[in-house]
Amino acid sequence: MRPYHTFLVLLLLVYFVHFPCPVQSQESTQDKVKVQVGLDLIYDDNVWQYSDSDINSFKANPNDPFFEKTADLYDFIWEPYLYLNLRPLSRIPSTRVFLDLTGDFYTRSRSLNSGTYRIGLEQDVGDKTRALITYTLTPRIFDGISRERRGGTSVGETVTTHTMRFLIQREIGDLDLGLTGHYKFRNYNDAFNEQDSDIYGIGLITRIYSPHGLKTKLEYQFEQGLAVGRNSREECVIINSINICPNDLSYLSNQFIIGPEIQLSPILSISLDYELKFKEFTTALTNDPNHYGRKDTRHTVGLNVYYEISEAIETKLGFERVMRRTSKSSEFYAYDENAVTVGISYLF
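Here my numbering is used: the sequence shown runs in plain steps of one and ends on residue 364.
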């Protein structure tokens, strides 16, 4: 765990929220308050991200403990969310403190239920520059059943992720240009603690505003993950006739995103997103068959249509397709996934 990272973020937030300032904002509380609640219903045709080989293995032996999952790949996911603008708590003008709470509740595969909690602070720095810092906690995501190294037994694998992120963004004419960076700590349960990872990232975000309601987002992110297991000197061992090898999740990745959005009318808008991510595992452990020499490529395409019923109510219809391919043992690490979303949100 890295508790001091959580403490640092909370300390910064408390400072900005409670530090007295002689200049008081003249805005009414009503102007400052922003509360948004919403619910998305998502149909996902591959919630476990099974490859074709996984599916065939499951059909051949549905009692295999590794496939402690439903016979069907699909599920319906209920995703409620709450956004709170806490700016009324701040005594500093042009400062915004906010809180995001999101839950994912699966109708069939309930072990995948999860929540995400984010708190952040945004501060104007001059007329056309703003700074943003956030802390996000995603606790105990279930990754499925895996064999742990010490005894070779099949147990549940979970991971908790702590993320600190900053953004500095400046408006330059019809262009918003931002520099972003982040640090993540992934903490696995004890049986898989060799997968604990420190992750560092940096990137550029650009938004281009064009005539006729067109806005385009361009983003690049570089990320490096350093796993505890990269320093392992252990050799493969045979336990209960099963070959158990070291596991090093260290990697380098490059991510590119393009996202045009067009306002067709005052109440109707459409957004299209395309994400391309290259991930190369950097382990030097030649006896790690799952990651040594492996390179993954993931394509994600998303389309969303937003329709405003009123000033407070907005509906959404979306589609997303994910295609992951890999250079090694592709029959096990490649998968396709499709999701359809219907959502509604209300702004108080």
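Each residue gets a CB set at the ideal place from its N, CA and C atoms; glycine is no exception.
Hey, how far is the Cα of residue i from the Cα of residue j?
| i | j | result |
| --- | --- | --- |
| K332 | N205 | 37 angstroms |
| V175 | A243 | 13 angstroms |
| G194 | D312 | 27 angstroms |
| I283 | L102 | 27 angstroms |
| G245 | N263 | 6 angstroms |
| V317 | I221 | 18 angstroms |
| V356 | P276 | 20 angstroms |
| Y133 | E95 | 13 angstroms |
| T177 | Q185 | 25 angstroms |
| N259 | R163 | 10 angstroms |
| F208 | L128 | 18 angstroms |
| S69 | Y308 | 20 angstroms |
| F348 | L89 | 16 angstroms |
| N320 | R165 | 43 angstroms |
| A328 | F335 | 24 angstroms |
| E43 | Y66 | In this predicted model, E43 has a pLDDT of only 42, less than 50, meaning its place in the structure is not dependable; the value taken from the coordinates is given anyway. Going from the Cα of E43 to the Cα of Y66 covers about 52 angstroms. |
| R124 | G142 | 50 angstroms |
| T150 | Q139 | 12 angstroms |
| F297 | T196 | 23 angstroms |
| D60 | L292 | 20 angstroms |
| D56 | I360 | 7 angstroms |
| T323 | T154 | Correcting the residue type first, residue 323 is Tyr in the shown sequence and not Thr. Taking the straight line from one Cα to the other gives about 30 angstroms. |
| N79 | V338 | 28 angstroms |
| V358 | R249 | 49 angstroms |
| D91 | I71 | 16 angstroms |
| R181 | R112 | 16 angstroms |
| G54 | I325 | 14 angstroms |
| I135 | K75 | 43 angstroms |
| Y362 | L265 | 41 angstroms |
| L137 | I274 | 26 angstroms |
| S343 | N306 | 11 angstroms |
| Y346 | F158 | The sequence given here has Ser at residue 346, not Tyr. Their backbone Cα atoms lie some 23 angstroms apart in a straight line. |
| S41 | R156 | Reliability of the predicted coordinates at S41 is poor, the pLDDT of 39 falling under 50, and the value obtained from them is presented with this limitation in mind. Straight-line Cα distance between these residues: approximately 41 angstroms. |
| P227 | S110 | 28 angstroms |
| N354 | I93 | 13 angstroms |
| E251 | S257 | 16 angstroms |
Per DSSP, which one or two residues make a beta bridge with residue i?
| i | result |
| --- | --- |
| Q185 | R146, G194 |
| L137 | V113, I149 |
| S361 | G54, E330 |
| S130 | D120 |
| E277 | K231, S287 |
| W94 | L57, F121 |
| G172 | I161 |
| G318 | D289, E336 |
| D68 | The partner list for D68 (beta bridge, DSSP) is empty, contrary to what the question assumes. |
| N101 | K50, F114 |
| L242 | D214 |
| E353 | V338 |
| V253 | I260 |
| I221 | G194, E235 |
| T177 | T154, R202 |
| E296 | L268, K311 |
| E324 | E330 |
| S226 | L230 |
Would you mind giving the Cβ-Cβ distance between residue i and residue j, rounded to the nearest angstrom? I have them listed as a contact below 8 angstroms.
| i | j | result |
| --- | --- | --- |
| G172 | W64 | With 8 angstroms as the limit, G172 and W64 do not qualify as a contact, their Cβ atoms being about 13 angstroms apart. |
| S213 | R202 | 5 angstroms |
| F114 | Y99 | 7 angstroms |
| N62 | D352 | 7 angstroms |
| G241 | Y267 | 5 angstroms |
| K231 | Y225 | 5 angstroms |
| S269 | E239 | 5 angstroms |
| Y236 | Q271 | 7 angstroms |
| K200 | I218 | About 13 angstroms; that fails the 8 angstroms criterion. |
| G167 | I254 | Between I254 and G167 the Cβ distance is about 13 angstroms, and since that is not below 8 angstroms, they are no contact. |
| R340 | R314 | 5 angstroms |
| T179 | T152 | 4 angstroms |
| V51 | F294 | 39 angstroms between Cβ atoms; not a contact. |
| T145 | G131 | About 33 angstroms; that fails the 8 angstroms criterion. |
| L183 | L148 | 4 angstroms |
**OP:** Spell out a yes or no on whether the segment 298-306 and the segment 272-283 are touching, meaning 3 or more CB-CB pairs, one atom from each, closer than 8 angstroms.
**Re:** no
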